[in-house]
Amino acid sequence: MRAPFPYALTIGTDISHARRILDWSNPTRFEHNSYGLSLLKRVFHQNDFIQLQRRYPWWQRPRGLPEANVRSLSLFLAGRWAAKEAAKKAWRADLLGWRDLWVETAAGSGSVAPEIVCRVNRNGWNFDEDELLKLAGEDVAADNVRGGQEGETAVVDEQVARLSISHDGEYAIAAVLATPLHASILTDLKQRQAEVDLRMRMIMESSGQPS
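In my numbering, the protein residues as written are 11 to 221.
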């Protein structure tokens with residue numbers, strides 16, 4: 011008889027080519043027509059932007075800076091991208107969006123071991139540079155910029171998984187170790203699926219196609 015693996019743990023991995031996001035030898039494309047900003051607005055949670063602004067306040071204008079600095083930025087961005095993709099695989103949730111996830115350091119652990127946090131983004135967040143600069147300049151940790159309630163009666167709306175990010179040459183590799191998503195988060199995702207299905211039915215009906 012074979013004993014099954016005794017823990018409800020799942021693993022997700024991903025690899026990201028940093029130069030595809032930002033080529034440190036020629037960062038012109040990243041700046042052109044705000045390509046880099048447009049890309050990150052689709053991928054980054056507000057807390058990701060705060061960390062980015064604190065570590066690389068020049069990130070929107072990397073041209074002319076030392077190549078080593080731009081390379082560091084590129085690998086940082088690739089690491090975040092890989093982490094989010096790995097988390098989606100670990101949680102087995104295709105409907106989790108990039109902006110439902112962000113990376114932070116383990117709170118209260120005394121270490122810099124990163125974690126990835128999931129919170130279904132229902133209200134959205136519009137990039138506001140003035141707001142970002144204000145938040146990035148405050149002393150509070152980026153992971154304090156959250157919604158939700160606290161206390162015994164609060165609904166679970168965030169979940170954390172273990173994260174490891176490594177870099178090798180031009181690549182960032184991420185691995186996520188997770189437990190199954192909490193029932194309340196799954197409920198949010200089911201509601202998102204219902205909204206997607208409704209929009210699809212409306213599109214098909216408006217085009218005269220059978221649903």
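Using N, Cα and C, we set each Cβ at its ideal position, and we do this for glycine too.
Which listed residue (ALA171, TRP34 and LYS99) has its alpha carbon closest to that of ILE126
ALA171
ask   = Nearest-angstrom Cα distance between ALA185 and ARG129?
value = The alpha-carbon atoms of ALA185 and ARG129 are separated by roughly 19 Å.
Confirm, please, whether the CB-CB distance from ILE183 to ILE21 is below 7 Å.
no
key: Same chain, Cβ closer than 6 Å to HIS177, neighbours up to 5 away in sequence not counted   = LEU85
What does the alpha-carbon distance come out to for the pair HIS192 and TYR181? 32 Å
task: Inspect the beta-carbon positions of THR23 and ALA123 and report whether they are closer than 7 Å.
output: no
Straight-line Cα distance separating ALA103 from GLN203 = 11 Å
field: Between the CA atoms of ASP110 and TRP69 - distance to the nearest angstrom
entry: 22 Å
Based on DSSP bridge pairs, tell me the residues matched to PRO124. THR115
Query raised in the report: So what does DSSP say about GLN70, is it helix, strand or coil?
Result: coil
Worksheet item: From ARG73 to VAL80, what does the alpha carbon distance come to, in whole angstroms?
Response: 8 Å
**Q.** MET11 to TYR17 span [Cα, whole Å]
**A.** Annotation: MET11 to TYR17 spans about 18 Å, alpha carbon to alpha carbon.
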